[in-house]
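Mapping the sequence shown onto the UniProt record's numbering, position 118 (from 1) lands on 118, and the numbers just tick up by one.
Structure first, commentary second.
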Amino acid sequence: MLSLIGSSLLHPSKRAQLLERANAKLGAKLASIDALYIHFVNPASEQANAVLADAILAGNAANSAQTVLFVLPRPGSISPWSSKATDIARMCTLKEHIDRIERGIAYVLQPAASATLDAADIAHVHDLLHDRMTQFISAVPPTADALFHKAKPAPLTHVDLLGADGTSDRSVAKQRLIDANERLGLALANDEIDYLVNSEHCRHKIFNADWTIDGNSMPNTLFGMIRNTHKLHPEHTISAYSDNAAVIEGYKEPMPFLAKVETHNHPTAVSPYPGAATGSGGEIRDEGDGRQPWEEDFGKPSHISSAYDIMIDGPLGSSAFNNEFGRPGLSGFWRTWSERVPIDDNSTEVRGYHKPIMLAGGLGNVRPKNALKSKITPDAAIIVLGGPGMLIGLGGGAASSMASGSSSRAALDFASGQVGQGNPIQSIHDVGAGGISNALPELVHDAGLGARFEIRDELVVTDRLLGGTPIHLPMPILFGKPPKIARQAQSSQPLRVPFDSTLTSYLPNIKDDPNFLITIGDRSITGLVVRDQMVGPYQVPVADVAVTRTSYGFDESVTGEAVASGERTPLALISAAASARMAVAESLTNIVASSIESLERIKLSANWMCAASHSDEGARLYEAVQAIGLDLCPKLGLAIPVGKDSMSMKMAWESPELRTDVDDTVLLFVDLAGGKQRLGGSCLAQVFRQLGHEAPDVEDAAVLKAFFEACYTLKQLRVQKRDEGSLVLAYHDRSDGGLITAVLEMCFAGHCGAEIFVDALDAELKDPVAALFNEELGAVMQVKSGDVKAVSAVLTAAGVPSHNLHVIGRVTPDSQEIKVVARSQSLLSSTRATLQKAWAETSFRMQSLRDNPETAATEYSLITDEATSAAALRYDLTYNPREDVWVPRWLRPLGCTTQGRHPAMAACGGFSFGDVLGAGSGWAKSILLNPSVKAQFVDFFQNRSDTFALGVCNGCQLLSQLGVAGLIPEAENWPLFKANESGRFEGRLSTVEITKTGGAQSIFWPTWRARCCPPSSLTVRTCLVPQRWRLEAIKAKNQVAMQYVDQRYPINPNGSPEHELGPAEAYAKGDKGWQGKGPWFRMFENARKWVASQK
1 MLSLIGSSLL HPSKRAQLLE RANAKLGAKL ASIDALYIHF VNPASEQANA
51 VLADAILAGN AANSAQTVLF VLPRPGSISP WSSKATDIAR MCTLKEHIDR
101 IERGIAYVLQ PAASATLDAA DIAHVHDLLH DRMTQFISAV PPTADALFHK
151 AKPAPLTHVD LLGADGTSDR SVAKQRLIDA NERLGLALAN DEIDYLVNSE
201 HCRHKIFNAD WTIDGNSMPN TLFGMIRNTH KLHPEHTISA YSDNAAVIEG
251 YKEPMPFLAK VETHNHPTAV SPYPGAATGS GGEIRDEGDG RQPWEEDFGK
301 PSHISSAYDI MIDGPLGSSA FNNEFGRPGL SGFWRTWSER VPIDDNSTEV
351 RGYHKPIMLA GGLGNVRPKN ALKSKITPDA AIIVLGGPGM LIGLGGGAAS
401 SMASGSSSRA ALDFASGQVG QGNPIQSIHD VGAGGISNAL PELVHDAGLG
451 ARFEIRDELV VTDRLLGGTP IHLPMPILFG KPPKIARQAQ SSQPLRVPFD
501 STLTSYLPNI KDDPNFLITI GDRSITGLVV RDQMVGPYQV PVADVAVTRT
551 SYGFDESVTG EAVASGERTP LALISAAASA RMAVAESLTN IVASSIESLE
601 RIKLSANWMC AASHSDEGAR LYEAVQAIGL DLCPKLGLAI PVGKDSMSMK
651 MAWESPELRT DVDDTVLLFV DLAGGKQRLG GSCLAQVFRQ LGHEAPDVED
701 AAVLKAFFEA CYTLKQLRVQ KRDEGSLVLA YHDRSDGGLI TAVLEMCFAG
751 HCGAEIFVDA LDAELKDPVA ALFNEELGAV MQVKSGDVKA VSAVLTAAGV
801 PSHNLHVIGR VTPDSQEIKV VARSQSLLSS TRATLQKAWA ETSFRMQSLR
851 DNPETAATEY SLITDEATSA AALRYDLTYN PREDVWVPRW LRPLGCTTQG
901 RHPAMAACGG FSFGDVLGAG SGWAKSILLN PSVKAQFVDF FQNRSDTFAL
951 GVCNGCQLLS QLGVAGLIPE AENWPLFKAN ESGRFEGRLS TVEITKTGGA
1001 QSIFWPTWRA RCCPPSSLTV RTCLVPQRWR LEAIKAKNQV AMQYVDQRYP
1051 INPNGSPEHE LGPAEAYAKG DKGWQGKGPW FRMFENARKW VASQK
């Protein structure tokens, strides 16, 4: 085995943070701590050492006072990094020399003067250094056998329920299964043990159970009530309930789309980064859980990650997987809740997200001919594609079906990884919970077949290596009609204390800026993104809805998809029915910010999390499903064709940005709650550690439907001879945090002030706190004062009562002051910057802990740096979000030369190898070390004068490395790409300037002298020129075509020296000044002209 020692993997700021956390556990015993990557190569030939000798770095041996800890993949596993690195080596013609490459980390701990580290000290810092689910830690270097051991196949393990004496005593058999359950980590629940079927995670037994509540037999199953919505309103749904995703008709274009939501709660609780990563992969944004300062620390099981670790690592894992697979993260939410609530006058219980919810949902397009699965024909081959099986499902799907907390299952929990997905032939099925033991039978069952996987009604599994038939079962045992669970539940009325809203002087930080969850993910990939979370030139994360285009184009491409979320989980502790109805309604008041002509076009994914066996939770679950399955959704004409259940939870107006370029505007509030101002389950109540006794609810489904229809009408109206066009200038729904939070977020996005009149809502001023902070249904619109009557007329004509409409304030574009006034008396007077800093503080602190604290502090300071931030962040071009311009269809116009050879090469973005072996390095080495491929690139770049290349994202890194290697003429001094100054992937929208000298040298911008605005995923690495003279050489040759307009983070989001960006990734939003074609499209027009000039 070859060992290749790499460089330090820790940014200096992260090294300091890790040292601080370690010393907090050890009492300042450490002087320093560092980490180095170590690459291990399992050679496939005797010549491998010689071939790879130039790659081996000597490294420095640790001195006797230092402690070195090796962090390695779990024994018997193959890391995703290893798979990618080995593939790269094979593409670099090293297949005959390298069998497999693996990577580990060496942590070097240097004790402080006169301090020593013993075994107990080392054990105290283990959890800071490795992930127990995917790694193990050792004080000795690994051996080749430990890393690359290939175990021999073993026979199937049997549990003999009868015993040697042949007894058929049921109690004895059950005890044997209970013992095997503990010994083998089967994680069968008690009722599953009774009749030996799969876990609830796979079979949805609770949703198909017969229910008896309070002694009364219920007429419907939970799944039956969900199916009722599709039965009543199947319009525009192609496939429902028959597969892992629903298939929905496209709008005005023959392009159906898929809708899917996945949860990965249990693995995320155990190991947040890989747990959330495979959650995103299972769906192919994340949401985590944490504890806020006002929440009590109730402790946690030793094998469950802390709220801090989940909030730090969960989003990173999810976004990393999305980034690697080219999936933009465009929407989402995060909520924390952990509180002690009363049961009666004498007792309380803890409710909250002790077990986190990791929710990942998304859309995808599918060609019409592939919208429905084909039948599998007899004798078809079944192929499993993916990594090694390991302990899939037993440690994930089944383990999650057990109640968290027992120490006996801790080791099982750390085997909860998930690997592998199916391969499409005639049919496709994912391998998830339960592993292939669940996926393969489901696959053939969908076709009405059996398998040998063999005869028509049997599942036969043979072992060609060891012989025998380990499994021979009739298919009905797995899928037919297993005994239904008969669920018994009792409802209860626990004590709920009214929230005291008589507090007189506060504006608490009741809702947080989610910025730290967003900028770590790519949000422009695909070129079809119209609206992500960020709003306006100041990029404030307050969007209500995510919107994507159906296809590329301009005026001819005006359709797309919209996604929004709704969740009101704390309300379920007061009223489960209200919680479900409000979740549906909130999703509608969010998605209405897009443009949808009919409610029947909207399809819901309902996701249920419940500790169904705890107390009265089963009755509450039934109440919630019934409320929307039989009542609200049928009234609204909505269907629920897809969803997910986890029953083991025990443990636009294109944006809300206020327009400041329009004079005399007011805030029109549409109250969809009929004047109700209930505070139960609100963020305000949570801050003061209360719950309340009355939950907000959907008062009238007909009014909600009328509001939706009116919004579509308003969206279609255009005012002639006016720049602003629409009657409604900005929109934001009232939800988390209440009306005051909605207005403040609009002010943050627009960088302006506002004046709010409380007495417009509560003329008698009985309860101004409730008026401002209740989270009933409603929405705020910015309209010109002269348009209020017209907007009101549209709303009332649709069926929204006129007494539900209130002008609650006015926008003050020339002021940063926020005022809340009642009867001419000031209830609050502050500034936009002061309140925004309070709102953004959580995000700032999380970024400081997770990333580089210096860059986090710089970004936070820009909130109050009004003059410079405005100059740096505002667009020089007039911004019009309705005329966004995205990737054009440019390949065909570029065409080919008369010689039949392409004049252009685009090295596109993406993370096919996840930056394994360096940013773009693997890609570059696969060219440089492959003689035939390298010859084609030499011909393209050196032997022809009619060619050009564009590198985007990893493609930019590829071209840079090819240039430094001498393959591209005049590029030997190009910069390399290293980790960003923040230490994280950066998905930012930032202003760049086309330079007067370098821009003129580029075929993309021959005549530009202006600033333009690239997309959110600007660059993923720092442009690093190793020596100063190289930077001067680049500048001397006028090769700097673009620059960030400011050196400060995040205006310069990656830390490039002298804010150089280079001629890469110019991608811009168009505006009406560009006549519908923004800088990105103009780039390719210019390139096309250049190609024509070469003929």
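Note that CB positions come from ideal geometry on N, CA and C, so glycine has one too.
Since the model is a prediction, treat every value here as computed from it, not as a measurement.
Which of helix, strand or coil DSSP assigns to Lys1095: In the three-state reduction of the DSSP assignment, Lys1095 falls in the coil class.
Exposed unless 16 or more other CB atoms sit within 10 angstroms - verdict on residue 1097: Residue numbering for the chain in the displayed model covers 1 to 1095; residue 1097 lies beyond these limits and cannot be assessed.
Per DSSP, the bridge partner or partners of Asp34: By DSSP's assignment, Asp34 forms a beta bridge with Val108.
CB of Leu658 within 8 Å of CB of Ala749, strictly: The answer is yes: Cβ separation under 8 Å.
His266 in three-state terms, based on DSSP: Here DSSP, grouped into helix, strand and coil, assigns His266 to helix.
Check whether Gln847 and Phe516 have beta carbons under 8 Å apart: Their beta carbons are under 8 Å apart, which means Gln847 touches Phe516 by this criterion.
Extent of the continuous alpha helix (DSSP H) to which Asp297 belongs: It is not in any alpha helix (DSSP H) - Asp297 carries neither H nor E in the DSSP assignment.
Straight-line gap, Asn930 to Cys92 (C-alpha atoms, nearest Å): A direct Cα-to-Cα measurement between Asn930 and Cys92 gives close to 6 Å.
Reduced DSSP category for residue 1101 - H, G, I as helix; E, B as strand; rest coil: A question about residue 1101 goes unanswered here, because the residues of the chain that appear run from 1 up to 1095.
Contact check, Val743 vs Gly675, beta carbons under 8 Å: No; because the gap between Cβ atoms is not below 8 Å, this pair is not in contact.
Touching by the beta-carbon criterion (3+ pairs, under 8 Å), the region 342–358 and the region 541–550: Too few Cβ pairs lie closer than 8 Å, so no.
Local conformation of Gly362 per DSSP, three classes: Strand, per DSSP.
Secondary structure of Pro234, DSSP reduced to three states: It is coil, neither helix nor strand.
Ala754 beta carbon less than 8 Å from that of Leu761: No; because the gap between Cβ atoms is not below 8 Å, this pair is not in contact.
Where Asn216 falls, given that 16 or more other Cβ within 10 Å makes a residue buried: By the Cβ-count criterion, Asn216 is exposed, with fewer than 16 other Cβ atoms from all chains shown falling within 10 Å of its own Cβ.
Buried versus exposed call for Arg988 [16 or more other C-beta atoms within 10 Å across all chains shown]: Buried is the call here.
Integer Cβ distance of Pro1057 from Glu859, believed to fall under 8 Å: Actually they are not in contact, since the Cβ atoms of Pro1057 and Glu859 sit about 19 Å apart, beyond 8 Å.
DSSP state of Lys715 mapped onto helix, strand, coil: Helix, per DSSP.
Straight-line gap, Leu69 to Val350 (C-alpha atoms, nearest Å): About 39 Å.
CB of Leu156 within 8 Å of CB of Pro470, strictly: A contact, by the Cβ cut-off of 8 Å.
Continuous alpha helix (DSSP H) stretch holding Tyr860: start and end: Here the alpha helix (DSSP H) through Tyr860 covers Pro853 to Ser861.
Met582 - containing alpha helix (DSSP H), residue span: Ala576 to Ile591 is the span of the alpha helix (DSSP H), which, as asked, contains Met582.
CA-to-CA distance, Ala85 to Ile78, given in whole angstroms: Take the alpha-carbon of Ile78 and the one of Ala85: they are about 11 Å apart.
CB of Ser305 within 8 Å of CB of Ala269, strictly: Their beta carbons are under 8 Å apart, which means Ser305 touches Ala269 by this criterion.
Cβ neighbour criterion (16 or more within 10 Å) applied to Asn1052: Looking at its Cβ environment, which holds 16 or more other Cβ atoms inside 10 Å, Asn1052 is buried.
Inter-residue Cα distance where the pair is Glu253 and Thr559: Taking the straight line from one Cα to the other gives about 8 Å.
Sufficient close CB pairs (3 or more, under 8 Å) joining the region 243–259 to the region 341–350: Three or more beta-carbon pairs separated by less than 8 Å are not found between the region 243–259 and the region 341–350, which leaves the two stretches without contact.
Reference Leu638; option with closest CA among Asp87, Ala585, Ile927 and Leu668: With distances taken between Cα atoms, Leu638 lies closest to Ala585.
Sheet register partners of Ala822 (DSSP bridge): Note: Ala822 sits in a beta bridge opposite Gln825.
Start and end residues, alpha helix (DSSP H) containing Pro315: Annotation for Pro315: the continuous alpha helix (DSSP H) segment containing it runs Ala307 to Glu324.
For Gln686, the nearest candidate out of Arg335, Ala578 and Asp733 (CA to CA): Among Arg335, Ala578 and Asp733, the Cα nearest to that of Gln686 belongs to Arg335.
Three-state secondary structure (DSSP) of Pro256: Pro256 falls in the coil class under three-state DSSP.
DSSP-derived helix/strand/coil call for Trp81: Three-state result, Trp81: helix.
Per-residue DSSP class, three states only, for Ala754: Secondary structure of Ala754 (DSSP, three-state): strand.
Pairwise C-alpha distance: His803 and Val247: The alpha-carbon of Val247 is positioned some 41 Å away from that of His803.
Beta-carbon proximity list for Lys1089, same chain, < 8 Å, skipping 5 on both sides: No residues qualify anywhere along the chain.
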